[in-house]
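Asks:
Residue numbers (my numbering): 7 to 161.
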């Protein structure tokens with residue numbers, strides 16, 4: 007298991023990375039599902055539903071929220087549990103676009119084209135290798151296990 011790394015240590019490297027408020031609501035919803043007051047646990051108000059997922063959270067803030075929740079819930083693999091609860095509305099407009107895809111190929115192409123609506127961290131790259139589709143995110147910066155696990159399990 008990878009150790010939790012304080013968000014401050016990532017700050018210089020990921021200054022431009024952002025997440026949509028719709029995606030951040032996933033964490034607030036999950037903490038509430040655990041029977042806790044998410045706003046109290048996370049120390050800030052629930053992301054505004056009226057912004058339609060268009061507000062942006064800096065990656066350093068997202069990591070801090072994840073680390074706070076993981077510590078409070080005593081769950082070092084929070085990202086794995088959190089990603090399992092993702093639903094279409096946590097992806098905002100992109101979720102509905104993906105839902106209308108006829109097949110996996112169309113879904114992946116749409117994800118690749120519009121993923122910045124959910125997270126603008128590293129662009130998805132796809133390639134065929136020995137008859138298999140390989141998905142790769144060439145992130146210049148490592149955001150930490152919690153952010154990576156949440157993203158991968160969400161897919």
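Backbone N, C-alpha and C fix where the C-beta goes; we use that ideal spot for every residue, glycine too.
Measuring alpha carbon to alpha carbon, tell me which residue in 114, 64, 153, 124 is nearest residue 134.
Replies: For residue 134, the nearest C-alpha among the options comes from 114.
Asks: Helix, strand or coil: which one does DSSP assign to residue 124?
Replies: Coil.
Asks: Would you mind reading off the limits of the alpha helix (DSSP H) that contains residue 92?
Replies: Neither: residue 92 is in no alpha helix (DSSP H) and is coded neither H nor E.
Asks: Do residue 85 and residue 153 have their CB atoms nearer than 8 Å?
Replies: Yes. Within cutoff.
Asks: Apart from the five residues just before and just after residue 22, which ones in its own chain have a Cβ nearer than 6 Å to its Cβ?
Replies: Here the set comprises nothing.
Asks: Less than 8 Å between the CB atoms is what I'm expecting for residue 32 and residue 88, so what's the real figure, rounded?
Replies: At roughly 6 Å, the Cβ-Cβ gap stays under 8 Å, so residue 32 and residue 88 are in contact.
Asks: Return the CA-CA distance between residue 100 and residue 37, expressed in angstroms with no decimal places.
Replies: Roughly 23 Å between the two C-alpha positions.
Asks: If you follow the alpha helix (DSSP H) that residue 160 is in, where does it begin and where does it stop?
Replies: 151-160 is the span of the alpha helix (DSSP H), which, as asked, contains residue 160.
Asks: Buried or exposed for residue 63, please, with buried defined as at least 16 other CB atoms from any protein chain shown within 10 angstroms of its CB.
Replies: Answer is buried; the Cβ neighbour count reaches 16.
Asks: With a 10 Å radius around its C-beta and 16 neighbouring C-beta atoms as the bar for buried, classify residue 102 as buried or exposed.
Replies: Exposed: under 16 other Cβ atoms inside 10 Å.
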